[in-house]
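Accompanying notes for the structure given below.
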Amino acid sequence: MNKILSAAEMKACDSETIERFGVPGLVLMERAALAVCDTILKEYPSAKNIGVFCGPGNNGGDGVAVARILHNKGVGVKVMMLGDAKRYSESLRHELKIAVNYGVEIIYPWNVDDYSLKEFTKLFSHCDLYVDAMFGIGLTRGLGGEYETAAIFMNESEKPTVAVDMPSGFDTDSGKLLGEIGVQADRTVTFGYMKKGLILGECKVASGNISVEDVGIYNTKEDTAKLLDDTILKGVKPRPVTANKGTCGKVLVIAGSESIYGACYLAAQAALVTGSGLVKIYTHANNIEAIQQALPETMYKGYTAFDETEVLEQINWADSIILGPGFGTSDLSMSILETVARNSKVPVIVDADGLNLLAKNIEMLNDMTARVPVVLTPHLKEMERLCNIPVSEINYDMENVAKSFAATHNCTVVLKNFTTVIANVNTIFYCNSGNQGLATPGSGDVLAGIIGALLGQKMEAEEAAAAGAYIHGAAGTIATYEKGIKGLLARDIIAQIPQLLD
38 MNKILSAAEM KACDSETIER FGVPGLVLME RAALAVCDTI LKEYPSAKNI
88 GVFCGPGNNG GDGVAVARIL HNKGVGVKVM MLGDAKRYSE SLRHELKIAV
138 NYGVEIIYPW NVDDYSLKEF TKLFSHCDLY VDAMFGIGLT RGLGGEYETA
188 AIFMNESEKP TVAVDMPSGF DTDSGKLLGE IGVQADRTVT FGYMKKGLIL
238 GECKVASGNI SVEDVGIYNT KEDTAKLLDD TILKGVKPRP VTANKGTCGK
288 VLVIAGSESI YGACYLAAQA ALVTGSGLVK IYTHANNIEA IQQALPETMY
338 KGYTAFDETE VLEQINWADS IILGPGFGTS DLSMSILETV ARNSKVPVIV
388 DADGLNLLAK NIEMLNDMTA RVPVVLTPHL KEMERLCNIP VSEINYDMEN
438 VAKSFAATHN CTVVLKNFTT VIANVNTIFY CNSGNQGLAT PGSGDVLAGI
488 IGALLGQKME AEEAAAAGAY IHGAAGTIAT YEKGIKGLLA RDIIAQIPQL
538 LD
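Residue 363 in the working numbering sits at position 326 of the sequence shown, with consecutive numbering throughout.
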């Protein structure tokens with residue numbers, strides 16, 4: 038897994054590389070520029086004329102260096118300098134001197150009549166590609182003036198745009214669009230490490246295809262957030278040759294309600310496919326006949342009323358418990374949840390209506406986490422109910438909201454969104470393995486089943502949550518190759534899980 042950094046963390050890495058390790062800043066700038074040039078030449082070989090829009094800081098210096106390298110390779114290049122020349126960074130000034138010496142065409146503010154779309158069209162309409170080097174990481178306000186006009190020009194040009202480090206106009210940490218306009222890049226070349234904002238908020242769309250290039254900047258801290266990749270699957274242990282179904286994890290799925298059957302079916306099937314030896318569904322009696330026909334590999338027990346002795350018998354059988362998919366929020370459901378909260382001796386994953394019930398009495402969560410590992414899998418609205426923070430705020434502060442809640446209640450939170458954040462007291466993971474096809478009914482039930490299965494196989498809660506989220510997303514992505522984005526069903530995700538496991 039690779040680290041994923043905030044703006045402050047990346048700036049600290051830059052400073053450490055320059056000041057502690059003695060690598061000159063201009064060397065890093067040259068490496069960054071070479072990485073962008075290599076990407077342009079490889080991905081856009083037919084681009085013969087390129088327009089580079091540069092801001093007053095070091096991101097602009099990267100852009101000028103890109104222009105000079107491309108110019109020296111025979112590509113037609115024109116640079117548009119934006120902003121107050123008095124504010125140019127030292128590195129940018131140095132790169133401008135070098136570019137001038139090599140004969141790169143550079144347009145300064147005093148060389149143009151105005152910063153208008155008409156003027157930019159006159160100067161750059163012949164270009165095949167544009168480079169956004171206006172602002173890199175750490176932008177704190179929206180684009181205005183000539184920067185906004187340049188962004189509009191690139192966006193409306195119908196020509197590809199390559200962003201340097203970050204598309205201009207977005208927050209590096211949250212991906213939030215800071216003003217009215219941000220550059221919509223076809224490709225972003227970022228340096229050293231993935232930036233959190235590139236896969237969050239509006240920037241996830243605006244960043245296009247992302248490549249992370251090693252330019253010699255390294256983060257030496259171990260408590261940095263990680264971006265999940267397939268190395269997380271190494272923690273899923275292969276099934277021993279001496280295994281029997283009783284040693285591969287017994288998962289209890291407490292799900293479904295009087296009129297809802299599909300959720301418990303999907304969670305149970307996902308748990309089976311993820312390697313559980315035995316799966317038992319505890320659900321309303323109305324669902325039993327359908328389960329017998331649709332999923333004969335499971336065990337089942339039906340109820341029509343609350344029976345504490347019966348609930349205790351079920352939970353004492355299990356190695357892990359999934360509670361909540363399609364469960365409803367009736368008094369009966371609340372009684373079952375309260376019994377699990379007071380008496381469970383094995384890890385519990387709480388999803389969907391289980392979360393809505395917990396939100397009514399958060400002390401139940403504290404009862405559970407005082408004794409056993411607990412994983413919660415809320416989407417943004419469910420998280421709002423749990424922590425009383427509006428969705429609009431959670432959406433741009435997922436890591437901090439999840440981390441704070443996990444620390445307060447001693448649990449693991451899988452905060453679901455188009456990029457999912459997994460948090461507990463000690464670790465933060467970002468999961469970007471899925472795509473928009475996962476926005477399909479039953480997808481969350483499948484995720485709960487996967488994580489429940491891994492918990493039953495004795496994985497630590499944070500590892501099971503991270504691996505489960507990665508498997509869920511990757512299986513969904515694989516399934517869309519055949520089914521398409523809009524045609525993906527939850528059962529299609531389940532069908533692809535075996536490809537990711539031994």
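No residue lacks a Cβ here, since even glycine has one placed at the ideal position from N, Cα and C. Computed from a predicted model, the values in this text were never measured in an experiment.
- Query: Using DSSP with H/G/I as helix, E/B as strand and the rest coil, what is leucine 166?
  - Reply: strand
- Task: Locate the alpha helix (DSSP H) running through lysine 115, then write down its first and last residues.
- Result: Counting along the chain, lysine 115 falls outside any alpha helix (DSSP H), though it belongs to the beta strand (DSSP E) covering 113–118.
- Query: My guess is that isoleucine 174 and aspartate 202 are in contact by the Cβ rule of under 8 Å, so how many angstroms apart are they, rounded?
  - Reply: 6 Å
- Task: Can you give me the Cβ contacts of glycine 489 inside the same chain, cut-off strictly under 6 Å, excluding the 5 residues immediately before and after it?
- Result: Val288, Ala308, Ser357, Ile359, Ile386
- Query: Taking the Cβ atom as the reference point for each residue, do valine 168 and glycine 100 lie within a distance shorter than 7 Å?
  - Reply: yes
- Is alanine 476 buried or exposed, if buried means 16 or more other CB atoms sit within 10 Å of its CB? exposed
- For glycine 510, I'd like the list of residues in its chain whose CB is within less than 7 Å of its CB, leaving aside the five on either flank, ordered along the chain. Cys468, Ser470, Gly471, Leu475
- Message: Just to confirm before moving on: does the CB-CB distance between phenylalanine 438 and threonine 414 stay below 7 Å?
- Response: The identity of residue 438 in the sequence shown is valine, whereas the question assumes phenylalanine. Not in contact: valine 438 and threonine 414 (Cβ atoms no closer than 7 Å).
- Item | Given 8 Å, three or more beta-carbon pairs between the segment 127–139 and the segment 152–171 | no
- Task: Determine the direct distance from the alpha carbon of leucine 42 to that of glutamate 500, and round the result to whole angstroms.
- Result: 20 Å
- Task: Only counting runs of 4 or more residues, tell me where the alpha helix (DSSP H) segments fall wholly within the segment 127–203, in order along the chain.
- Result: 127–138, 154–161, 182–193
- Item | Residues that asparagine 294 bridges to, as DSSP identifies them | The question names asparagine, yet the displayed sequence has serine at residue 294. Serine 294 pairs with Ile297.
- Task: Throw me the rounded Cβ distance for the tyrosine 433 and lysine 213 pair, which I believe falls under 8 Å.
- Result: 5 Å
- Message: Between alanine 501 and chain C, is any beta-carbon pair separated by less than 7 Å?
- Response: The structure shown contains no chain C, having only a single protein chain.
- Item | asparagine 463: first and last residue of the uninterrupted beta strand (DSSP E) it sits in | Here asparagine 463 belongs to no beta strand (DSSP E), and DSSP marks it neither H nor E.
- Item | Euclidean distance between Cα positions of lysine 418 and aspartate 208 | 23 Å
- Message: Per the DSSP calculation, valine 278 is bridged to which residue(s)?
- Response: For valine 278, which the question treats as bridged, DSSP gives no partner whatsoever.
- Give the DSSP-derived three-state secondary structure of phenylalanine 30 in the structure shown. The chain is shown from 38 up to 539; residue 30 falls before or after that span and cannot be answered.
- Message: Output needed for asparagine 148: all residues of its chain with C-beta closer than 6 Å, excluding positions within five of it in sequence on either side, in chain order.
- Response: none
- Task: Specify the secondary structure class of asparagine 256 as computed by DSSP and reduced to three states.
- Result: coil
- Message: Within 10 Å of its beta-carbon, does tyrosine 319 have 16 or more other beta-carbons around it, so buried, or fewer, so exposed?
- Response: buried
- Item | Separation of aspartate 390 from threonine 366, as counted between CA atoms | 6 Å
- Query: Excluding sequence positions up to five away, which residues of its chain have a Cβ less than 8 Å from the Cβ of glycine 6?
  - Reply: This structure leaves residue 6 out entirely; the chain is present only between 38 and 539.
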